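Enquirer: In the working numbering, the protein residues as written are 35 to 364. C-beta atoms are modelled at their ideal positions from N, C-alpha and C, and glycine is treated no differently. Small disclaimer: the values here were computed from a predicted structure and weren't measured.
#1: Please work out which residues of its chain come closer than 6 Å, Cβ to Cβ, to residue 138, disregarding the five sequence neighbours upstream and downstream, and give them in chain order.
#2: How about residue 290 and residue 330: are their beta carbons less than 7 Å apart?
#3: Could you name each continuous beta strand (DSSP E) segment of 3 residues or more that falls completely within the segment 210 to 250, going from the start of the chain to the end?
#4: Would you check if the segment 99 to 111 and the segment 63 to 78 touch, i.e. whether three or more CB-CB distances between them fall below 8 Å?
#5: Rounded to whole angstroms, what is the Cα-Cα separation between residue 204 and residue 310?
#6: Given a threshold of 16 other Cβ atoms within 10 Å of its Cβ, counted over all protein chains shown, does residue 270 qualify as buried or as exposed?
#7: Exposed or buried, which one is residue 338 when buried takes at least 16 other CB atoms within 10 Å?
#8: Within 10 angstroms of the Cβ of residue 340, are there 16 or more other Cβ atoms? Answer buried if so, exposed if not.
#9: Residues in its own chain within less than 6 Å of residue 155 by CB, not counting five upstream and five downstream?
#10: Mind reading off the beta-carbon distance from residue 163 to residue 232? Whole number of angstroms is fine, and I expect it under 8 Å.
#11: Bridge partners for residue 369 per DSSP, in chain order?
#12: Pick out whichever of 209, 345, 324 and 201 has its Cα sitting closest to the Cα of residue 224.
#13: Within the continuous alpha helix (DSSP H) that includes residue 309, where are the two ends?
#14: Do residue 190 and the ligand NAD come close, with the Cβ less than 6 Å from some heavy atom?
#15: Which residue marks the beginning of the alpha helix (DSSP H) containing residue 152, and which one marks its end?
#16: Which residues in the same chain have their Cβ closer than 6 Å to the Cβ of residue 114, if we skip the five residues on either side of it in sequence?
#17: Once you ignore the five residues that flank residue 326 on each side, which residues in its own chain have a CB closer than 8 Å to its CB?
#18: Leaving out five residues before and five after residue 228 in sequence, what residues of the same chain have Cβ atoms less than 6 Å from its Cβ?
#19: Measuring only the C-alpha atoms, how far is residue 257 from residue 173?
#20: Applying the criterion that 16 or more other CB atoms from any shown protein chain within 10 Å of the CB defines a buried residue, is residue 161 buried or exposed?
#21: Can you tell me which of 66, 363 and 106 puts its alpha carbon nearest to the alpha carbon of residue 76?
#22: With DSSP run on the structure shown, which of helix, strand or coil describes residue 126?
#23: Just grab the DSSP bridge partners of residue 298 for me.
#24: Does the distance from the C-beta atom of residue 167 to that of residue 197 stay below 7 Å?
#25: For residue 272 and residue 323, I'd like the C-alpha separation in whole angstroms.
#26: Could you check what DSSP says for residue 289 in three-state terms: helix, strand or coil?
#27: Use the C-beta contact count for residue 210: other C-beta atoms within 10 angstroms, 16 or more gives buried, fewer gives exposed.
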């Protein structure tokens with residue numbers, strides 16, 4: 035077949051231009067991040083544990099990558115509003131998500147019409163850390179340990195109540211997991227946020243609540259609430275006298291807030307690799323680790339390659355509980 039000289043010349047120029055664009059793209063990825071700021075979306079209001087982890091990581095990543103990382107709080111709908119905004123973002127590495135398992139693993143089972151698919155909308159840079167949850171009671175009810183709580187609940191089924199900050203929150207599902215494990219009935223009272231839920235426990239409006247470590251520890255020390263168990267498999271080093279729920283007769287019990295760094299699907303692999311390396315370096319930094327530790331947040335670093343299997347397992351665990359307990363978003 036005879037080649038047309040004009041078409042051949044244009045084709046060759048196109049290939050050259052394409053090669054130039056490709057080289058420019060690779061150069062931009064290698065230089066990431068440039069002077070343009072990188073936004074880390076936090077799907078919860080300022081002041082909570084997810085916001086705290088997001089701000090620590092923004093500062094640490096900025097230092098590791100010599101860039102400007104800023105936090106953008108986009109709360110609402112159990113975190114799904116912020117997640118949806120990142121799912122729609124341009125996959126160029128300049129919009130990231132500080133996710134927590136109550137949204138990326140639990141919300142899918144409660145909000146099926148949230149507008150994105152956690153399995154396909156994001157790529158995992160990797161896990162960051164966990165925040166243990168304390169099983170707490172009001173001191174006035176006279177319960178000093180988990181066995182005492184189980185006995186009291188069985189003696190008066192349905193008479194006790196627990197506080198939660200909304201359907202699908204880590205504390206809500208951790209409580210439901212405990213109730214199923216213990217075979218007891220304690221009524222759920224939902225509050226509009228963690229602060230009013232904890233205040234209800236302090237005033238004995240409710241008798242039980244799962245409370246994140248950063249909130250629980252000062253209240254425990256002040257005697258306003260009493261912790262009788264912690265949700266991790268190992269004791270919290272900031273309160274080593276509190277037994278784990280697992281060692282208190284519920285072997286293998288584990289329920290924590292799990293933080294991870296995510297990016298929109300399609301983000302170039304070299305950028306994901308740079309972010310993952312910077313995240314891991316940050317999690318080896320003693321200053322970063324101490325800031326997290328002081329707020330009862332402990333590292334559980336993970337790689338991009340490990341993310342899909344972890345996400346499937348976490349989603350399956352909580353999906354099964356939600357179905358078994360008949361939990362809804364209402």
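Expert: Walking through what the data contain:
#1: 152
#2: no
#3: 221 to 224 and 242 to 246
#4: yes
#5: 25 Å
#6: buried
#7: buried
#8: exposed
#9: 121 and 299
#10: With a Cβ gap of about 22 Å, residue 163 and residue 232 do not count as contacting.
#11: Since the first residue of the chain shown is 35 and the last is 364, residue 369 is not available in this structure.
#12: 201
#13: 303 to 316
#14: Only the bare structure without any ligand can be found here, which leaves the ligand NAD out of the picture.
#15: 152 to 155
#16: 141, 145 and 148
#17: 87, 90, 163, 332 and 333
#18: 199
#19: 8 Å
#20: buried
#21: 106
#22: coil
#23: 156
#24: no
#25: 14 Å
#26: coil
#27: buried
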